[in-house]
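Below is one structure; the comments refer to it alone.
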Amino acid sequence: MKGLLTEIRNCTVCKPFLPLGANPIISASPKSKIILASQAPGRIAHEKSIAWDDPSGRRLREWLDVDEELFYNADNFAILPLGFCFPGKSKTGDLPPRPECAPLWHQQVVEKFDENPLYILIGNHAQSYYLQDKLTLTKRIQNFESYLPNYFVLPHPSPVNHFWINKNKWFLTDVIPHLQLEIKRRLQL
């Protein structure tokens, strides 16, 4: 997998379309037990070259009930966004991930995992890509158990999504405890 990760980190396929240039961010190990599939790195991740080292990442680690040491250990969590580079901003937030990235790289990475990891699909882009259904994010999350044992669906933990979380209080009381139990089981904590 090491050679593949190097190849991905050197990828420039989307460079002409990226306002800050190419900086592919990925973390994985053949032993990864959990795959964090999300949209694409944000501006802060692009600048630091570290995924989830921002308010969204802090909230995600709270939801998962893990510390940074567990989170950034690639044997535990692979970070596999649909787009490996920051796509730029729109009026309502970050642009969607570039369409070239996931079809080009994801299957190659997935084939390198030793076991059958749990995919945590973060946000609508990742859910639509992997599940290929027409459901809304809310409907998927309400029915999260139907996607187990292969997938666990989550909204994006961005502070911008506070409206969705406040509107759907059942998410924190009904879904997060199941998520934390599944993480403990997968990581054998």
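Numbering-wise (the working numbering), the sequence shown opens with residue 33 and increments by one.
Each residue gets a CB set at the ideal place from its N, CA and C atoms; glycine is no exception.
All of these numbers come straight from a predicted model, not from anything done at the bench.
- DSSP, reduced to helix, strand and coil, places ASP86 outside both helices and strands of the structure shown, so it counts as coil.
- Leaving aside the five residues that flank LEU50 on each side, the residues in its chain whose CB is nearer than 6 Å to its CB run, in chain order, CYS117.
- Annotation for VAL141: the continuous alpha helix (DSSP H) segment containing it runs 133–142.
- Straight-line spacing of the CA atoms in GLN220 and TYR183 works out to 18 Å.
- For SER122, the three-state secondary structure derived from DSSP is strand.
- Here the alpha carbons of GLY53 and LYS65 stand approximately 31 Å from one another.
- As for any alpha helix (DSSP H) of minimum length 4 sitting wholly inside the segment 157–195, the runs are 169–174, ordered along the chain.
- Between ASN175 and the set ASP206, GLU100, HIS78, the nearest pair of CA atoms involves ASP206.
- Relative to GLU39, the option among ASP107, TRP137, LYS199 whose CA is nearest is TRP137.
- When DSSP states are grouped into helix, strand and coil, ALA72 belongs to the coil group.
- By the neighbour-count definition (other C-beta atoms within 10 Å, threshold 16), PRO119 is a buried residue.
- Membership of LEU150 in the beta strand (DSSP E) is indicated by the continuous run 150–154.
- ASP126 counts as buried, since at least 16 other C-beta atoms from the protein chains shown sit within 10 angstroms of its C-beta.
- Put simply, the segment 147–155 touches the segment 60–77. At least three CB pairs are less than 8 Å apart.
- If you draw a straight line from the Cα of PRO87 to the Cα of LYS144, it is about 30 Å long.
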